[in-house]
Amino acid sequence: MKGIRELWARWTGSAHGRRRTVVDPDDPELEVVVESFDETEAASAALARATRWQPDLPAVLRHHLALPDERLEAARALLTADGWQLRPGGRGRGEGLIPLVALRVQKLDALHCSQETSRMAGLAQRHDGRSFGWDALQPG
C-alpha cells in the first residue's frame with residue numbers, strides 16, 4: 000500500500016507537502032506574464048525579459064491566429080488531438096480571416112514555446128491563415 004501512496008504523491012506532486020498547481024484557462028485572475036509578437040524574437044529572449052513569469056508554475060500558453068471560416072474545423076481537429084482549445088478572439092486580423100487563440104495549460108519553457116510557435120505558424124500557413132505570436136498567462 001505504501002508504494003501506491005508514493006506513486007500517487009509523485010504523480011500529483013504532493014510529495015513533501017508540494018501540490019500540483021492547477022490553472023484554469025477561464026480564471027479571471029490570470030494575467031499576461033510574457034508575450035512575443037515579434038517573429039524574429041527568440042522565445043528564450045521573451046522569457047528572459049519577463050519579470051512576472053514564474054517558471055515553476057504552469058501557464059496558459061496562447062497562440063494568436065487568424066484562419067478562414069471554412070478551415071476552422073480542420074484546424075480545431077488537429078489542435079484538439081494535442082490538448083489545445085481553439086477559441087474566438089486574440090490579436091489576429093486579416094481580410095476574410097477570423098481572429099482566434101489556440102490555448103493550452105502547460106509548463107512554460109523556451110524550447111516548448113519555440114516548438115509550438117513553429118507548429119502554429121505551419122498550421123496557419125497550411126490552412127490559409129496567419130500566426131501573429133503568443134502570450135502566456137499565470138495567476139497574479
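Just so you know, numbering that gives the first Met the number 0 puts 139 at position 140 of the sequence shown, and the rest follows in order with no gaps.
By construction, the Cβ of each residue, glycine as well, lies at the ideal position given by its N, Cα and C atoms.
Beta-bridge pairing by DSSP links A65 to P98 and R129. Note that the C-beta distance between Q84 and L96 is not below 8 Å. Its chain contains F36, H63, P98, F131 and G132 as the residues whose beta carbon lies nearer than 8 Å to that of R90, once the 5 sequence neighbours on both sides are disregarded; these appear in chain order.
In the three-state scheme derived from DSSP, where H, G and I count as helix and E and B as strand, E115 is classed as helix. The beta carbon of V31 sits closer than 6 Å to the beta carbons of D134 and L136 from its chain, once the five residues preceding and following it are set aside; these are given in chain order.
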